[in-house]
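This report concerns only the one structure given below.
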Amino acid sequence: MERQGQQARVRRALTIAATLVAVAAGAPCVVHGQRGQVLAPVPKACETPGLSVIADSPLPNIAIALKERKKINILAIGATSASLRGPVSGGYYAVIERFLESTFKGLDVEVVHRGVSGELASDAAERIKTEVALNDADLVLWQLGTADALAQVPVADFFVTVSHTIAWLKEHKVDVILVGLRYTRSMVRDLHYQAVRTALQEIAKDHNVLRLGRYEAEEILERIRREQGDVPMSQAEVSEASYVCMAEYLARAIAAGLFVREPSPLKPPEKSP
Amino acid sequence: MPRPVNAVDFWRGFALVSIFINHIPGVFYDRFTHKNLSASDSAELFVFLAGWSLRHVVGKPEDPTPLHQLIFRLGGRALTLYAAHMMIVMLAIAMLAVSARLLDNPLLLEWHNAAAVFNDPVETHIGLVLLSHQLGYFDILPLYVVLMLLAPLIAFIHRQAPHLLVPVSLAVYFSALVFKLTVPTWPTEGQWFFNPLCWQAVFVLGFACSRERGPGGWVRANIGWLRLGAAPILIAATAMVWFDWWPDPTRVPEPKLLFIAGKTFVTPIRLIQFLALIAVFSALYPVIAKALPILVDYLSLLGRNSLPVFCAGSVLSLAGQIVRFYFRAGFFVDTALVAAGIILLGVTAWLAEWRDRVNKPA
Numbered sequence: 012m013e014r015q016g017q018q019a020r021v022r023r024a025l026t027i028a029a030t031l032v033a034v035a036a037g038a039p040c041v042v043h044g045q046r047g048q049v050l051a052p053v054p055k056a057c058e059t060p061g062l063s064v065i066a067d068s069p070l071p072n073i074a075i076a077l078k079e080r081k082k083i084n085i086l087a088i089g090a091t092s093a094s095l096r097g098p099v100s101g102g103y104y105a106v107i108e109r110f111l112e113s114t115f116k117g118l119d120v121e122v123v124h125r126g127v128s129g130e131l132a133s134d135a136a137e138r139i140k141t142e143v144a145l146n147d148a149d150l151v152l153w154q155l156g157t158a159d160a161l162a163q164v165p166v167a168d169f170f171v172t173v174s175h176t177i178a179w180l181k182e183h184k185v186d187v188i189l190v191g192l193r194y195t196r197s198m199v200r201d202l203h204y205q206a207v208r209t210a211l212q213e214i215a216k217d218h219n220v221l222r223l224g225r226y227e228a229e230e231i232l233e234r235i236r237r238e239q240g241d242v243p244m245s246q247a248e249v250s251e252a253s254y255v256c257m258a259e260y261l262a263r264a265i266a267a268g269l270f271v272r273e274p275s276p277l278k279p280p281e282k283s284p
Numbered sequence: 297m298p299r300p301v302n303a304v305d306f307w308r309g310f311a312l313v314s315i316f317i318n319h320i321p322g323v324f325y326d327r328f329t330h331k332n333l334s335a336s337d338s339a340e341l342f343v344f345l346a347g348w349s350l351r352h353v354v355g356k357p358e359d360p361t362p363l364h365q366l367i368f369r370l371g372g373r374a375l376t377l378y379a380a381h382m383m384i385v386m387l388a389i390a391m392l393a394v395s396a397r398l399l400d401n402p403l404l405l406e407w408h409n410a411a412a413v414f415n416d417p418v419e420t421h422i423g424l425v426l427l428s429h430q431l432g433y434f435d436i437l438p439l440y441v442v443l444m445l446l447a448p449l450i451a452f453i454h455r456q457a458p459h460l461l462v463p464v465s466l467a468v469y470f471s472a473l474v475f476k477l478t479v480p481t482w483p484t485e486g487q488w489f490f491n492p493l494c495w496q497a498v499f500v501l502g503f504a505c506s507r508e509r510g511p512g513g514w515v516r517a518n519i520g521w522l523r524l525g526a527a528p529i530l531i532a533a534t535a536m537v538w539f540d541w542w543p544d545p546t547r548v549p550e551p552k553l554l555f556i557a558g559k560t561f562v563t564p565i566r567l568i569q570f571l572a573l574i575a576v577f578s579a580l581y582p583v584i585a586k587a588l589p590i591l592v593d594y595l596s597l598l599g600r601n602s603l604p605v606f607c608a609g610s611v612l613s614l615a616g617q618i619v620r621f622y623f624r625a626g627f628f629v630d631t632a633l634v635a636a637g638i639i640l641l642g643v644t645a646w647l648a649e650w651r652d653r654v655n656k657p658a
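Protein chains in written order, with my numbering: chain X, 12 to 284; chain W, 297 to 658.
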């Protein structure tokens, strides 16, 4: 029984991980860098047979930071609760620091947490400019959408706010990775929620920035759970699993981004098993 | 008998209504609050007036409240604020939990920095009690608690050397800006939304301006000139907000916080604009009182009972957000919400005064 439970848990985590990354900017996934450098594999719990990591939207500015300063400053902001320490030593984002520093010898990575769970994109957008300036950020990890959709922020306003902010970041040579909306069954048919989600996908596509699709990951997890009649995971467990794997895959996305190359044509995400 | 209507209570009531509306993000009437034309918002006004009100506790220069009494009274006030804060935070957490259950939507548990409460309850409850974890929109009372605990020291410095208080306060303020000093949060990593090292300056300026001795006396003697100087600052700041002419934070020199706009640090741009705003708008009160006495009565009623009204407003704002989510926000829902909220704030204030009347010995 215990073993079955463990297998089910691993399966869920695998699914989350696969989907999180597979939908990133709708891009193909690779486990290696662009110049043949092989990245360390993701932990077993986040590993997915037949589907490897990472979107290849370039992150040119952190690549320059690596080359010139051997130091990368990452700003984590938006409606995220990933600043919680969670089950990972040092917090979820410590995974990113550790991974990048071990992959690139001599590289110093600093992640500054300025996320507030439930924060609207417009509030975060105001803070992003200040925080980027104060922390000399090279990369912004921006989790957004869920709070705006729940607060009934008009989609057009959301679109404009996020687009302007990304444009500002690009203009100031700061890379950005968007972490998308959360999934819950009651929002599947919510037109406004889905419209915000679509808007975020369009923004990511328009600006050619990486988007991590937590919604898609958690949706598949939910479906598998239903089909297999598993013991339901609590929302906290879903959050935890997706944050852990999100951090693992974000780390590899950034690492892949450090081996800069031009973006390749987009491919649809692979289906999970 | 409640105290008669006055400018301080009126403006405090104004700030309370603005805060109530601003704390329902996306609500239609948010666009009509003064933050849309101002670099500062109601938070500065509220904290400044809290500092102003400290004069009632400190006593007149010729009849000062003894220091030990001051410490006990302000300590008691800090305790009351702390208890009020804990009560509304617990109510907010319960409201989010009930809404998540009834609406079958666990995402509501992540609103307003509440995710940690549900995902990491052991450490976060310790953080709530220590004020190191704060819910979004429920973060101004912790600042008040700190300011009340500091208030005896503020009063003491003012009593001993009235001209020294503002320089000392500004020295702390600028040190925080130059060295980016903040108060960290725990268990989530971050910083207090209202940095007390900076916001104490707003509080101290409010207190100093209320006094006849020291800077307050100078302000009263020169208010006409100050208003003349403040008007162009106000116009320039309004244009900056309206046309989005904020300085680019990446292009300003170090120390950057001296030149950019930021609420957490109530940076000089916000502080100077706010001082200009009160210099100019303080002249308007007699006009408003004459033209709109009912409005002045109502807002003064709210302002006289600021703590219960603020607490009710915080809870009502959250209720408003949940209602907006459930009923799908629109003009009519927003109108009903804001109207009901403002009426309920009035009922809260009236009940507070009614209770005081009933409890008062004949």
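Note that beta-carbon positions come from the ideal geometry of N, C-alpha and C, so glycine has one too. The structure displayed is predicted, hence computed values, not measured ones.
Residues of its chain near residue i, where Cβ-Cβ distance is below 6 Å and the 5 sequence neighbours each way are ignored
i	result
Phe110(X)	Ala262
Ser94(X)	Because the pLDDT of Ser94(X) is 48, which lies under 50, any placement of that residue in the model is unreliable, and the question is left without a value.
Thr534(W)	Leu333
His218(X)	Ile177
Leu341(W)	Ala311
Phe627(W)	Phe324
Ala135(X)	Ile88, Gly89
Thr374(W)	The sequence shown places Ala at residue 374(W), not Thr. Same-chain partners within the cutoff: Val441, Met444, Leu445.
Pro279(X)	Any answer about Pro279(X) is weak, because its pLDDT of 41 lies below 50 and its placement is not dependable; what the coordinates show is given next. For Pro279(X), where only same-chain residues beyond five positions count, there are no Cβ hits under 6 Å.
Residue i: contacting residues in chain W (beta-carbon distance under 9 Å)
i	result
Ser197(X)	Leu399, Asp400, Asn401, Pro402, Leu403
Arg193(X)	Pro402, Leu403, Glu406
Contact check, residue i vs residue j, beta carbons under 8 Å
i	j	result
Leu443(W)	Gln496(W)	yes
Thr563(W)	Ala557(W)	yes
Val353(W)	Arg369(W)	yes
Val166(X)	Ala132(X)	no
Arg299(W)	Leu345(W)	no
Leu223(X)	Ile188(X)	yes
Asn409(W)	Gly423(W)	no
Gln212(X)	Val190(X)	no
Gln569(W)	Ala162(X)	no
Leu377(W)	Ala447(W)	no
Met391(W)	Leu614(W)	yes
Same chain, Cβ closer than 7 Å to residue i, five either side skipped, listed in chain order
i	result
Glu130(X)	Gly89, Ala90, Ala158
Ala411(W)	Leu405
Tyr306(W)	Correcting the residue type first, residue 306(W) is Phe in the shown sequence and not Tyr. So the qualifying residues of the chain are Tyr581, Val592, Leu595, Ser596, Gly599.
Val106(X)	Val99, Ala258, Glu259, Ala262
Leu387(W)	Val611
Arg193(X)	Thr157, Arg225, Tyr226, Glu229
Val576(W)	Arg523, Ala526, Ala527, Leu530
Partner residues on chain X for residue i, Cβ-Cβ distance less than 7 Å
i	result
His408(W)	Gly129
Lys552(W)	Ala144, Leu145
Gly322(W)	Ala162, Gln163, Val164
Gln617(W)	Ala162
Under 8 Å from the C-beta of residue i: neighbouring residues of chain W
i	result
Val120(X)	Residues of chain W passing the Cβ test: none, with the nearest at roughly 15 Å.
Ala158(X)	Glu406, Trp407
His218(X)	Within 8 Å Cβ-Cβ: nothing; His218(X) doesn't reach chain W, min ~19 Å.
Supposed close pair residue i, residue j - CB separation, criterion 8 Å
i	j	result
Thr195(X)	Leu403(W)	5 Å
Arg509(W)	Pro357(W)	6 Å
Gln430(W)	Phe489(W)	7 Å
Val143(X)	Leu86(X)	6 Å
Asn72(X)	Glu121(X)	Not confirmed; about 15 Å, so no contact.
Ile450(W)	Leu460(W)	Actually they are not in contact, since the Cβ atoms of Ile450(W) and Leu460(W) sit about 11 Å apart, beyond 8 Å.
Val151(X)	Val185(X)	6 Å
Gly322(W)	Ala625(W)	6 Å
Beta-carbon neighbours of residue i, restricted to chain X and to distances below 8 Å
i	result
Pro545(W)	Lys140, Thr141, Val143, Ala144, Leu145
Ala636(W)	Going along chain X, no residue has its Cβ under 8 Å from Ala636(W), so there is no contact; the nearest lies around 18 Å.
Arg624(W)	Gln163, His203
Minimum Cβ-Cβ distance from residue i to chain B less than 8 Å
i	result
Val164(X)	No chain B appears in this structure, whose protein chains are X and W.
Within chain X, partners of residue i - CB distance below 9 Å
i	result
Ile556(W)	Lys140, Thr141, Ala144, Leu145
Phe621(W)	Leu161, Ala162, Gln163
Gly432(W)	Val127, Ser128, Gly129, Glu130, Asp134
Gly423(W)	Correct list: empty, because the minimum Cβ distance to chain X is about 11 Å.
Amino acids of chain W, ordered along the chain, whose beta-carbon sits closer than 7 Å to that of residue i
i	result
His183(X)	Thr546
Check: residue i C-beta below 7 Å from any heavy atom of the ligand ATP
i	result
Asp217(X)	Ligands displayed in this structure: none; no statement on the ligand ATP is therefore possible.
(request) Pair every Cβ in the region 605-621 of chain W with every Cβ in the region 586-596 of chain W, then say whether three or more of these pairs are closer than 8 Å. (result) no
(request) Could you tell me whether the region 521-531 of chain W touches the region 462-480 of chain W, using the rule of 3 or more Cβ pairs below 8 Å? (result) no
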